[in-house]
Each structure stands twice: as structure tokens, then as C-alpha cells.
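Read through the structure below, which is laid out as C-alpha cells, and then see the notes.
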Amino acid sequence: MTSSTTVRSPLRLYGRDAELATLEGLLELLRRGDGGALVLAAPPGLGRTALLRAAAEAHRDRGPVLYATATGAMRAVPGGGVGALLGSVAAGSDPLGPLAAGRAAAGPSPAAPPGADPRGPSAAGPAVTGLPSSARPPVISPDALLGRLRELSVGRPLLVCVDDAHAWDPASRDALVLVARGLGPGSRILVLLTATDSTAFAGLPTLQPAPLDEGAAGALLDRLTSGTEGLDPVVRAELLREAAGNPRLLAGLAGRLTPDQLAGRTPLPFPLPGGEAVLAAHAERLDGLPDRTRALLLLAAAAQEHEPDGAGADALLLLRAGTRSGLPRTFLDRALFGTSVTGSILQRAGSRVHFTHRLVARAVLHHAPWPHRRAAHELLATLLTEAAPAPPPGTAPASPVPLAALVQRACAAPGPDAVLAARIEAAAVAPFPHAERSAALARAAQLSTEPALRAARFAGAAEQAGLAGDPCLARALLARAGPRTVGAAGPGGDPGQGLAPYVHGMLALRSGPAADAHEALLASAGLLAPHDPRRALDALLGAAEAAWAAGDALGYLDAMNRLARSPVDPDLEHYRAGMCAVLEGRTAKGHALLRPCLDPAGDPGAPAALLRSGVAALVLGDIAAACRAGARALAAVRTRGPDALLPQALEHLAYAELRAGRHAGARAHALEGLHAARRTGQPNSSAHLHAVLALAASVEGPAEACAAHAEAALAGAGPHGLAQAGTLATWARARADLASGRPGEAAARLAPLVGTGPGRGHFAVRTLAVPCWVEAAVLASRLPEESGELHAAVDEFASWTARTADPGAPAQLARCRALLAPADEADARYAEALDHHGRAGGDFERARTQLLYGQWLRRRRRTREARGPLRDALVAFQRCSARAWAERAAGELRAAGEPVAERRDAPGEPLAALTPQQQRIARCVAEGATNREVALRLSLSPRTVDHHLRNVFAALGIRSRTELARLLSP
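Heads up, the sequence shown is in this note's numbering, so the first residue is 1 and it goes up one at a time.
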């Protein structure tokens, strides 16, 4: 047996496992005698050279390696590429030999560099350069080149590596491509090429390394900064963002920052240095393009400067700009709307034009002479001003120059310009999207001359970036603001005072510890109040939201009571006073104040007001109104934004739908919200949405989905102190335990939440979990030891039922009392509960009551009476897709003597020979349940379980529970 070839690099290549595996497979085939070819096509900086060197290093001990790096000078030397490749075969020999026709006219052949390895340089060694000008060989014969390579592969397989093959002269490149196309099984030659793209290598297999994903780029950055004092999270995010997955650029950026900048102690420079080499490599590709193509690329890069990141440029604006600058219309039509003539650098998506790689646009601007760049920006500013829509008759325009035109003028400014910065700041308001406002304010900050104004404008840009759903950019912009100094703005005060802490607090509200967000927003509200009352009000509302999420009722009251000191609109004052009254125990007064909030009198499409309306409806118990408000809030956010509010709108609606028993709709909205939260960088919202999904899965199943979502919610809730998400997730796990017939585990999870100890759940949610705890405790036979706590919890639930308008609360209260009632009263209590369910609606909760009632009847040997409610429960659970609950109801119905179809194990499966009852018992025991726990789960006696289990062992030919668990393990 022989060992396989493994592609390794002296330095780890992050995020390149798939590419290394491909190369390893090709080298393994080469070791067996089968050759081939592969082109590694990627823009500069993505590691194609590192991959090529890794392959060469892996093959060095198994056969000869020809390795050459092309240079731009080789394009002008016919045959120079092949000469450089073969120049390392043997020092002093003629590398071309009989490869070229007309050899006598070619002059002397070049010698190999001194000290060259006869097999070729190593993967990490120096590359062979082009031929001297005095030794320019003629066109190369592909057949002769193939013959020479075959000579070199005699005895051991040959690896041919050409880095930057696109820079070879056409004669050499064409010859090598023709040779590579003919390689295959038995050829003993493998050709690996790297190039910026595969255009010149048609017919050859191509592998295109993509930019590094966030995980791989982060790991590389950690290694690059491992010797420093520490990397600030904001700096880390900005470096990863700026590098855009380009490892060479990331290394350059990180290498140019000082330890203080990396640690976040001093602001980052803008623009970040260190990317010049990568940008220059990208720009080399532009030098060979026609003048008109380079002119169009400059216009396209400049036109992106006033757009949000990643939005591209407007194709019609480019068409007008190209026409105005004298470019032929036929060329523009082909480049922008037809077959690309820009060397695959531009691509169109609808009405937008994008660069195929983000760094190319930056390279175009970086490479262009400043006069050309300035002319492009001024032309675009003029066209944007001309295209601005006229204001309605009798009204003045908000700004004589559109915001986009002002940004283009800022790009053309040679230095700071306080007047232009002020004009941009004044124009960067609604109805422009938040992302456009952020980009404009960042430009205004760069033009600002006063440090305080510069910092305030960067903070304003950060606020808009956060609202646009880009928290990473928001933090980077805040970092550019730098440290604030008291009195920096002069005797007039600092107009931006408190803005940066406010933005920090709002970002923490969505992605940090709730307690930190609460304190930061309270502090910023005090700083903002004298000069920015609107943001001060938003800061207090944000502080209250943070306290609510953390389960801090006193903190919530503190923030809401501070609102009373500021002038607010009547709807908000009703909401503030009503919520405070409810939390202070003045429920009737609070409900009276909250009812007007269900139909706010202000802007009917304001998302924040509609979300508050939904909260008020939930506190009142008007679940239908909460669903309506949630749907309206979602529509408002979709229509008007901001994008950052979309996860919250979906979360509110999904939770209201859960309370209404619309589990499928809740799951769909929560999943969409989870995707939105991940896209906009809001882990706190993700935790809340995972909790909602766990609750939905506790009804619909499967249990694994419930457990996964609950664990994800708890993982986010714990570090950030999100008591509400944690309580909901724990409740979901307990409800899933009940569905699976594990009441003991459910009771153990819920007891701390509904109790009065340190593990008490969220003040607004814990009461809702009381019916589940009572059910779990009674089914687990924990009534004697917890009787006092159960009755106290039911009394508390009764008090809440008397105050709420939730139509399902009276039914659940009657069910709790039925579970705790003596045998002579339970019948009447169950009947009362079912009457309430009839008025309230809701299949799931009604089916739960019917299941418990049927189970209670069967245990009292009233099996005939039990079948009716059990049958109704089964049908209702099936109707609302509650699979685990339906299985539990079906088991009870079978135990009551009514046959119910169920899935039997297929022939050949371990339990196929067992009866349905034996199969259920076997699965429970395989999960680790004791006989007593199985009896509780299946409503059997322990002796019956023992009897069936003995029969199971005999039928399966096993002797222990361990063998049974092993037999049924996946």
C-alpha cells in the first residue's frame, strides 16, 4: 500500500479546503500516471498563487516540477513564456532546443538562473523571469512542446505550474493551452495555471476560488493579529468588511495599523491604508483595455459613490454620462445593455450595472489620474442635477441640488469644504432611504473641518446605517468619530452631544446585553434632551424596551416615568401611563388608558406606533386586536422602513398569532423574521424569534426542532440577559415534554419559572405558563408535595384572568381547577372549561382540555365516556398539525378500547414483530424512561408495563434495557 499525496502549504490556507482537496485529487491521479490540466482563475489577492505553490510543494518529492511566474514584459516576447518555463530544466542547456522553427535566426538561448534546481524551483522559491531581449525565440510548436514535456516526465510524473499565465505572450499561451487540452489518462503530465480569468483558456477545466467566507477571514485575521495586545471587535468588523474576503488585502490592511488602532484606543484612518498592492494588481488589468472602455469603467466606478454599498450604478445615468463625454452610442449600448465589451468587468442586473468584483471599482478610482476622476464626478453631478424632478407648482424644492449630486460634488472636492458638508447634511433627510443618508452623511463628515461637527456627522451616518440594517457599518462609522472632548464645539455647545452614546445604545438593544443598552440609552437621553427632544424620547423608549426584554419591571417603570417629563403626543402618553399603571398594580386604570392605543389617532402608518398598539392589545388580552396591529405594523415596515425594524415587526406578529392559536402562520412569520434578523445583524431579535419558533414547534413538532430552537434562544438569551426569550424557550421545552408524555421533566422545567424564587420567569410571560405547570405536576403525581404552590399559582392565574380580555383564559383556569379538584367536582370543572372553549375558539387548547378530560375518565374506568372527548381531541390535534399531541391522544383512545390506525414498523425493522402497545413501550424504554415513567406517559400501571416489557425482551431475543437502546439507536 502506498501513501496518497496530500496538498499542504507551509502556512495554513484559510477557507481553501475544497480547492486543496481538488488539487490533492489531481496530484493523486498524476501519481498513478494520469495527467490533466486545471486553471485557477481568480482576481488578484484571492490566493491562487498560494494554492499553486501548495500543489508544487506537495509534488516535489514525487517528481519534477516546472514552475514559472509570468510578468507583464513577457507579452512582448514571442515564445518568452515557454522559454522561461523550460529555462530551469538544466543550467546552461538550450531550453527550447528543437521546439521552434527557424532556430538559426533566433539567437543564442538563455541560460537558467544561477543556482536553479534542475527540476524547477520549489513552490516557495524564486520564479523564473522572462527571456533577455537579445534572445527572443519565435513561435512555439505545440507538438514539439508536448514532446519535450514527455521527455521530462520519463521515470516520474511531471507537474507544470504557470502563475499568472494570462500575462504570457500569446504564442506561448496558445501552445501550452493546446498541449494541456490533450492531456489525460496515461499522459503523466499535469498542467496547473493561474490567471485573473479563464477567457484565454477556453476548453480547460477551471476552478474559481471565491472570496473567503466570514469564518475563514476571521480566522486568518486572528492569526495575523495574534502577536498584538488584542483586536477590538469594531476594528475587526471593519477590517473584514473592507477586505471583502480577499486574504491578501486583509493582510495588507492589518499590517498597516498600529497596536493602538487595532485595540480600538485610537480611531482608524480613513481610508484604511494597506490595500495599495492589491488595487495596483487589479489596475494592471485595466492598462491593456481600450481608452473608451477605461473611460466607461471610470464613469461606472464614480457613479457608485453616491449609491449604498453594493447597489451598483444606474445604467441610464451611465448611458447619459458616456454620451455626454463623447463615447460612441453603439459602444455604450453593447457595454451596458448587450454583449459586454469591458472584459467581463461589468455586468448588468436589471437597470443596475455592477462590477464583477467589488475591489475592481476601487482599483479603477485608485488608478485613474485625479483630473480624470474629478471630471467624471463633476459630469455626474451635473447630470444628476439636470435630471432632478421639478417641485410641485407653488412649492420650493427641498434642496436646489439633489442629494446624489451633492455627494458627487463632494467626491470631486480637493479637500475639506465646510459649506458643502453643511449642504449635504441638510439634504440627507427623508424621503431618501436610510442607506443613502448614511453614505451622504459620511461624505459630509469627511469634508468637515471642525472636530465636533465631524464626529456628529459620523454618528449621524452610523445611526442611518443602523436603521438601514447594517450594524457593522454603523459601528465602523462610530469608530471614525473618535473620542469626544467636552467643549469641543465652542461656547455654543456641541450640537451632536449624546448622539454617539444614543447610537451605541440602540445597537446594543439589538445585539448586546440588555442591561448595557438600558443604561446607555438612559444616559444618552439626558444628554440629548436640551437640544434634540425627539431622539431623547426615542432613547427613553429604547431603554424601556431593553428593560422589558431583561424582565426588569422597575427599570421599565423608571424609563417610562421619565417620559412624563417630556412633551409627548396624546397616544404615546396614553400608552406610557397605561403600561405604568398595569405594572404598578392599578390594572383597571391601566386598561382604560391602553384601550385608546388600539386605534392610534396619529399617523396611521407609523410602524413604531403600530407596534406599541400591538403590545397594548396583548396586555389587554385582546388577541385579535394584537394580530391586526401586528399585520398593520409589518405592512408599514415593508412599505416605509426602516429595514432594522423588520425583525421586530415579524416577531410581534408571530407572537400574537401564537397566542391566537395560529401556529402555522406564527412559524412562517418567525422564520422570515429570523432570516431578517441574521441579515441585519440583530442576535437579540434572533433569540426572541428562536423562542417563538420553539413554541410553535412544541405544538406542531418535531420535538427535535423545538429543542434546537429553544437551545438557540437560550444561548443568545443567557449572555445578553434576555429574560423574556429565556422564559418562552423554557416554556416551549416543557410543552414539548408534555406532548411526548414526559410530565415529570415538564414540571421540573416550569416550577422555577412560575415560582417566587431566583429562577422566576419574565413578569409578563410566567403567568401564561401556569396551566402547563399545573398539568405537568398533576400528571407526574407531584400533587402532594406541591399542592400549596399549585393552588397559589392557580389563584394568581385566576386574578390575571379576571383582569384580562383574553378569551382563552377562563377555559384554561377551569381546566386547572379540574385537574386539582376532587373526583366529585372534576366532571363539572371539565364541562365548564369546554363551555368556555366553545365561546373562545381555538382548536389546540380545546383539544388539550378534551385529552385531559378523556384521560381522567379512562383512569376512572369510564372508558366508554372517555372515547368521545379523546376522539374529538385526536381530530382537533390532527387539524392543527400537532403531531406529537395527536399521537398522545391516539394512544389514550386505543387504551380506551377504540382502534386507531397507526404507522407500523416495516417488515425487517427491529420492532416489526411487536404489537402496537409493545412498540410504544419499547421506544419509551429505549429513550431511558423507567417503568414508572412509561406508565405515567402511556396511562398504564407499572405492572402492565413490566409485563409487556418482558414480552418485548423475549420477542427480540435480548436481555437488558441497554441492548434494547442499542437495537433502536439510529
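We put the beta carbon where it would ideally sit given N, CA and C, even for glycine.
When the cut-off is 8 Å and only beta carbons count, does residue i lie next to chain D?
i	result
Phe201	You won't find chain D in this structure, because it holds only one protein chain.
According to the neighbour-count rule (16 or more other Cβ atoms, all chains shown, within 10 Å of its Cβ), is residue i buried or exposed?
i	result
Phe337	exposed
Gly275	buried
Val419	exposed
Val429	exposed
Val154	exposed
Pro869	buried
Asp310	Residue 310 is actually Gly in this sequence, not Asp. Exposed, since its Cβ has fewer than 16 Cβ neighbours within 10 Å.
Ala349	exposed
His372	exposed
Thr199	exposed
Trp885	buried
Trp548	buried
Glu19	buried
Leu554	exposed
Quick one: give me the first and last residue of the beta strand (DSSP E) that residue i is part of.
i	result
Arg67	It should be noted that the sequence gives Tyr, not Arg, for residue 67. Start and end: Val65 to Thr69.
Ile189	Ile189 to Ala195
His354	Arg352 to Phe355
Gln347	Leu346 to Ala349
Where do the ends of the alpha helix (DSSP H) carrying residue i lie?
i	result
Thr863	Thr863 to Arg879
Gly274	Note, Gly274: premise wrong, no alpha helix (DSSP H); not H, not E.
Val39	It is not in any alpha helix (DSSP H) - Val39 instead sits in the beta strand (DSSP E) that spans Gly36 to Ala41.
Arg640	Ile623 to Arg640
Pro752	Pro743 to Val754
Gln464	Pro451 to Leu467
Arg12	Where Arg12 is concerned, there is no enclosing alpha helix (DSSP H), given that its DSSP letter is neither H nor E.
Cys772	Val770 to Leu779
Glu378	Trp370 to Glu386
Pro233	Pro233 to Ala243
Asn973	Coverage of the chain is limited to positions 1 through 970, which leaves residue 973 absent and any answer about it impossible.
Ile424	Ala418 to Ala427
Quick check on this structure: which residue in the options has the alpha carbon closest to the alpha carbon of residue i?
i	options	result
Glu425	Gly415, Pro451, Phe458 and Asp827	Phe458
Ala736	His709, Gly716 and Gly701	Gly701
Thr69	Leu653, Pro810, Ala54 and Thr49	Thr49
Arg181	Leu38, Arg867 and Ala955	Leu38
Leu473	Thr944, Gln812 and Leu239	Leu239
Glu151	Val794, Gly81, Leu66 and Leu220	Leu66
Leu86	Glu57, Leu145, Ala42 and Glu229	Leu145
Gly854	Leu750, Asp558, Leu820 and Ala896	Ala896
Arg16	Ala54, Ala617 and Arg31	Ala54
Arg562	Leu583, Gly526 and Glu584	Gly526
Leu30	Leu447, Arg156 and Ala776	Arg156
His652	Arg659, Ala660 and Gly630	Gly630
Glu519	Leu51, Leu249, Tyr502 and His531	Tyr502
Ala973	Gln464, Asp599 and Glu865	Residue 973 lies beyond the range of the chain shown here (1 to 970); nothing can be said about it.
Cys627	His669, Ala713 and Pro471	His669
Arg236	Arg409, Ala244 and Gly218	Gly218
His59	Ala167, Asp164, Val191 and Gly186	Val191
Thr962	Thr356, Gly322 and Cys924	Cys924
His377	Val407, Ala387, His367 and Val794	Val407
Which same chain residues, not among the five before or five after residue i, have their C-beta less than 7 Å away from its C-beta?
i	result
Val952	Leu914, Gln918, Ile921 and Ala922
Ser698	Cys706, Ala732, Arg735, Ala736 and Ala739
Arg612	Tyr575 and Cys597
Asn246	Gly45, Leu46, Pro211, Val278 and Leu359
His709	His690, Leu693, Ala694 and Ala697
Pro126	Because the pLDDT of Pro126 is 32, which lies under 50, any placement of that residue in the model is unreliable, and the question is left without a value.
Gly252	Gly274, Gly275, Ala277 and Val278
Val401	Thr385
Report whether the distance from the Cβ of residue i to the nearest heavy atom of the ligand ZN is below 7 Å.
i	result
Ala295	In the structure shown, the ligand ZN is absent, as is every other ligand, since no ligand is present at all.
For residue i, which residues in the same chain have their Cβ closer than 6 Å to its Cβ, ignoring the five residues on either side in sequence?
i	result
His762	Gly551, Ala723, Gln724 and Thr727
Val179	Pro142, Leu145 and Leu146
Considering only residues of the stretch 164-228, which uninterrupted beta strand (DSSP E) runs meet the minimum length of 3 residues and lie entirely inside it, listed in chain order? 189-195
Curious, which full-length alpha helix (DSSP H) runs of at least 4 residues does the stretch 313-343 contain? Counting whole runs of 4 or more residues, the stretch 313-343 contains the alpha helix (DSSP H) stretches 315-324 and 329-337.
Of all the beta strand (DSSP E) runs that stay within the bounds of the stretch 514-588, which reach a length of 3 or more residues? You should have found no qualifying run.
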